[in-house]
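Student: The structure under discussion is supplied below as structure tokens; questions concerning it will follow.
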Amino acid sequence: MAFSDQLAEGSFPFFREQARFRSLLEPKTAPELEAMAQEAHNLTTQFFGKTVRLFAPLYLSNECVNVCRYCGFSRSNPILRLTLSPEEVESEARCLAEQGFRSILLVAGEHPKWVSPGYVASCIRRIRLYFPSISIEIAPLETEEYREIVEAGAEGVVIYQETYLPEAYASLHLSGPKRDFVWRLQAPERAYRAGFRRIGIGALLGLAPWRQEAFALAAHAAWLLKHAWRSSLTLSLPRLRPAAGGFSPEYPVSDREFVQLHCALRMIFPQVALVLSTREAPSLRERLIPLGVTLLSAGSRTDPGGYTGAGRERLHRTVHGRLEALASAESADEATGQFSLSDERPPRVIVDRIRELGYEPVWKDWEECLTNNSSA
Numbered sequence: 001m002a003f004s005d006q007l008a009e010g011s012f013p014f015f016r017e018q019a020r021f022r023s024l025l026e027p028k029t030a031p032e033l034e035a036m037a038q039e040a041h042n043l044t045t046q047f048f049g050k051t052v053r054l055f056a057p058l059y060l061s062n063e064c065v066n067v068c069r070y071c072g073f074s075r076s077n078p079i080l081r082l083t084l085s086p087e088e089v090e091s092e093a094r095c096l097a098e099q100g101f102r103s104i105l106l107v108a109g110e111h112p113k114w115v116s117p118g119y120v121a122s123c124i125r126r127i128r129l130y131f132p133s134i135s136i137e138i139a140p141l142e143t144e145e146y147r148e149i150v151e152a153g154a155e156g157v158v159i160y161q162e163t164y165l166p167e168a169y170a171s172l173h174l175s176g177p178k179r180d181f182v183w184r185l186q187a188p189e190r191a192y193r194a195g196f197r198r199i200g201i202g203a204l205l206g207l208a209p210w211r212q213e214a215f216a217l218a219a220h221a222a223w224l225l226k227h228a229w230r231s232s233l234t235l236s237l238p239r240l241r242p243a244a245g246g247f248s249p250e251y252p253v254s255d256r257e258f259v260q261l262h263c264a265l266r267m268i269f270p271q272v273a274l275v276l277s278t279r280e281a282p283s284l285r286e287r288l289i290p291l292g293v294t295l296l297s298a299g300s301r302t303d304p305g306g307y308t309g310a311g312r313e314r315l316h317r318t319v320h321g322r323l324e325a326l327a328s329a330e331s332a333d334e335a336t337g338q339f340s341l342s343d344e345r346p347p348r349v350i351v352d353r354i355r356e357l358g359y360e361p362v363w364k365d366w367e368e369c370l371t372n373n374s375s376a
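Heads up: the sequence shown at position 374 corresponds to 374 in UniProt numbering, and the numbers run straight through without jumps.
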């Protein structure tokens, strides 16, 4: 039975620690939260040592056919848009590689014309010499389309369900292929069948009550650990940040609740990587490293061409999908980013700070030859 069926039924027999997880999400006193933090720290050290893996996002395109109330890339937002050519993607990738990155996440809005599987595969082939680990965060695809991307050189896929609550999902995704809740929910299963070595899932906090989101995400993780066991799993629960369109989250999550959630996830899933992006402030990111976060983005830009200025001469504005000329006096130096950042420190500053905290930053933890069969 697919996870989507079990979510619809509200039955998760495969999630053996669901009662304990629900208990961990309940409001805690200060001593109770401190005890959770200590256990989360001990488990993180036991299974990951004192290491933090680093990656950078590279945005290919902010074109999108979906109308989503909370997203800066929504088709309804009159923003400056750009799709990089594979050559420009290589230029951006080279810039990141020169800073030390060996793990990269390719991100794009959903647009069948501009961001086709063939285009993404072409971009991957251009940059695979720079990065042993390439992951994608794009629109959900068919299994065969995912396989094309794996064959091009990608080893990871990230798919945010955004919200696991169907009613909330329907109210937030107003038009476009992203309205299909089940198609998106089943994407990790298709990606697994296509051969991805890493699978990342997550929910966007602020769209629905956080405890319900966290439980559904944990149930999904438990299902994937049982049925997609050949792949490693990562979990991410980013909080909404200001973006074009001015969406205001109805269910904000406090720092205290955010910390509690990460401790709870680490206690239930001691061997699963937890991801934290530059959406969060430096102080909170540093606070969460000892408590379970093992994968950090650094020096991020959320606009296509953001690292090198590539493609600026092709910037254009669309209004509900229609091209609109820029005013002659209008400044157009960069594409519109997906959301604002809270940690804008350069990668080297973040690396130095990780070391000051007693941890070792890891730029590279994967090489394709590790899985190649040898006849020697």
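The beta carbon of each residue, even a glycine, is placed where N, CA and C say it ideally should be.
Check whether the Cβ atoms of C95 and T308 lie closer than 8 Å to each other.
Tutor: In the sequence shown, residue 95 corresponds to position 95, counting from 1. In the sequence shown, residue 308 corresponds to position 308, counting from 1. Yes, these two residues count as a Cβ contact at 8 Å.
Student: For M1, count neighbouring Cβ atoms within 10 angstroms of its own Cβ and tell me buried if that reaches 16, exposed if not.
Tutor: Position 1 of the sequence shown, counted from the start, is the residue given in the question as residue 1. Burial call: exposed.
Student: When we look at the beta-carbon of A35 and count the other beta-carbons within 10 Å, is it buried (16 or more) or exposed?
Tutor: Along the sequence shown, one-based indexing puts residue 35 at 35. A35 should be labelled exposed.
Student: Would you mind giving the Cβ-Cβ distance between F3 and W223, rounded to the nearest angstrom? I have them listed as a contact below 8 Å.
Tutor: For the purposes of this step, residue 3 is taken as the residue at position 3 of the sequence shown. For the purposes of this step, residue 223 is taken as the residue at position 223 of the sequence shown. That belief holds up - the Cβ atoms of F3 and W223 are roughly 4 Å apart, short of 8 Å.
Student: Can you name, in chain order, every residue of its own chain whose Cβ lies under 6 Å from the Cβ of E280, other than the five neighbours on each side?
Tutor: Within the sequence shown, the letter at position 280 stands for residue 280. Excluding residues within five positions, the ones whose Cβ falls inside 6 Å are S342.
Student: Only counting the same chain, and skipping five residues up and downstream in sequence, which positions put a Cβ closer than 7 Å to that of V182?
Tutor: Taking the first residue of the sequence shown as position 1, residue 182 is located at position 182. Cβ neighbours of V182 beyond the five flanking positions: S4.
Student: By Cβ distance, which residues of its chain are closer than 8 Å to V253, with the 5 residues on each side in sequence left out?
Tutor: The count along the sequence shown starts at 1 and reaches residue 253 at position 253. So the qualifying residues of the chain are L205, G206, W210, R239, L261.
Student: Inspect the CB distances between the region 109-124 and the region 350-361 and report whether three or more fall short of 8 Å.
Tutor: The region 109-124 is not in contact with the region 350-361.
Student: What residues match up with A273 in a beta bridge as DSSP calls it?
Tutor: For the purposes of this step, residue 273 is taken as residue 273 along the sequence shown, with counting starting at 1. Bridge partners of A273: T234.
Student: Rounded to whole angstroms, what's the CA-CA distance from Y146 to A194? Just pull it up for me.
Tutor: As a working note, residue 146 is residue 146 in the sequence shown. As a working note, residue 194 is residue 194 in the sequence shown. When rounded, the distance between both Cα atoms is 6 Å.
Student: Could you check the C-alpha separation between E189 and A228 for me, to the nearest Å?
Tutor: Taking the first residue of the sequence shown as 1, we reach residue 189 at position 189. Taking the first residue of the sequence shown as 1, we reach residue 228 at position 228. The alpha-carbon atoms of E189 and A228 are separated by roughly 7 Å.
Student: From Q161 to A203, what does the alpha carbon distance come to, in whole angstroms?
Tutor: Counting from one through the sequence shown, the residue named residue 161 turns up at place 161. Counting from one through the sequence shown, the residue named residue 203 turns up at place 203. Those two C-alpha atoms are separated by around 6 Å.
Student: For F339 versus T294, is the C-beta distance shorter than 8 Å?
Tutor: As a working note, residue 339 is residue 339 in the sequence shown. As a working note, residue 294 is residue 294 in the sequence shown. No; because the gap between Cβ atoms is not below 8 Å, this pair is not in contact.
Student: Which runs of the beta strand (DSSP E) at least 3 residues long sit entirely within the region 163-187? Give them in chain order.
Tutor: The region 163-187 contains these whole beta strand (DSSP E) runs: 173-175.
Student: Are there 16 or more other CB atoms within 10 angstroms of the CB of H173, so buried, or fewer, so exposed?
Tutor: Against the sequence shown, residue 173 aligns to sequence position 173. Classification for H173: buried.
Student: Sort D255, R285, E167, L291 by Cα distance to P270 and report the nearest one.
Tutor: Position 270 of the sequence shown, counted from the first residue, corresponds to residue 270. It is L291.
Student: In angstroms with no decimal places, state the Cα-to-Cα distance between L233 and I159.
Tutor: Locating residue 233 in the sequence shown gives position 233, counting from the first residue. Locating residue 159 in the sequence shown gives position 159, counting from the first residue. If I take the Cα positions, the gap works out to 11 Å.
Student: Classify A19 as helix, strand or coil using the three-state DSSP reduction.
Tutor: Numbered from 1 along the sequence shown, position 19 holds the residue referred to as residue 19. The answer is helix: DSSP assigns A19 an H, G or I state.
Student: My output table needs one value for A64: the three-state DSSP class, helix, strand or coil.
Tutor: Here the question's residue 64 lines up with position 64 in the sequence shown. Residue 64 is actually Cys in this sequence, not Ala. It is coil, neither helix nor strand.
Student: Whole angstroms are fine: how far does the CA of R314 sit from the CA of E87?
Tutor: Here residue 87 refers to the residue found at position 87 when the sequence shown is read from its first residue. Here residue 314 refers to the residue found at position 314 when the sequence shown is read from its first residue. Rounded to the nearest angstrom, the two C-alpha atoms are 14 Å apart.
Student: Just tell me which of G337, D365, R322 has its CA closest to the CA of A273.
Tutor: Walking along the sequence shown from the start, residue 273 turns up at place 273. Nearest option by C-alpha distance: D365.
Student: Going along the chain, which residues of its own chain have a beta-carbon closer than 6 Å to the beta-carbon of K226, five neighbours each way excluded?
Tutor: Position 226 of the sequence shown, counting from 1, holds the residue named residue 226. Excluding sequence neighbours, K226 sits near F14.
Student: Using the rule of at least 16 other Cβ atoms within 10 Å of the residue's Cβ for burial, across every protein chain shown, is L357 buried or exposed?
Tutor: For this step, residue 357 is matched to residue 357 along the sequence shown. L357 should be labelled exposed.
Student: In chain order, what residues of the same chain lie with their CB nearer than 8 Å to the CB of Y251, ignoring the 5 residues before and after it?
Tutor: The residue you call residue 251 lines up with position 251 of the sequence shown. Counting only Cβ-Cβ distances below 8 Å, and skipping sequence neighbours, we find L205, G206, L207, A208, P209, W210.
Student: Determine the direct distance from the alpha carbon of I134 to that of F55, and round the result to whole angstroms.
Tutor: Here residue 55 refers to the residue found at position 55 of the sequence shown. Here residue 134 refers to the residue found at position 134 of the sequence shown. Rounded to the nearest angstrom, the two C-alpha atoms are 10 Å apart.
Student: In this structure, how does DSSP classify I354 when only helix, strand and coil are distinguished?
Tutor: Looking up residue 354 in the sequence shown gives position 354. In this structure, I354 counts as helix in the three-state DSSP scheme.
Student: Could you check whether the region 70-80 touches the region 40-56, counting it as contact only if at least three pairs of C-beta atoms, one from each stretch, sit closer than 8 Å?
Tutor: Taking 8 Å as the limit for Cβ pairs, the verdict is that the region 40-56 does not touch the region 70-80.
Student: Ignore the nearest five residues each way along the sequence and tell me which others in A329's own chain have a CB closer than 8 Å to its CB.
Tutor: By 1-based counting over the sequence shown, the position of residue 329 is 329. Note that A329 scores a pLDDT of 49, beneath 50, so its modelled location is shaky and nothing firm can be said.
Student: Exposed or buried, what is K113 when buried is set at 16 or more other beta-carbons lying within 10 Å of its beta-carbon?
Tutor: As a first step, residue 113 must be located in the sequence shown, where it is residue number 113. That one is exposed.
Student: Following the continuous beta strand (DSSP E) through I199, name the residue where it begins and the one where it ends.
Tutor: By 1-based counting over the sequence shown, the position of residue 199 is 199. Taken as a continuous stretch (DSSP letters only), the beta strand (DSSP E) holding I199 covers 198-203.
Student: So, helix, strand or coil for T278, using DSSP?
Tutor: Here residue 278 refers to the residue found at position 278 of the sequence shown. If DSSP states are grouped into helix, strand and coil, T278 belongs with coil.
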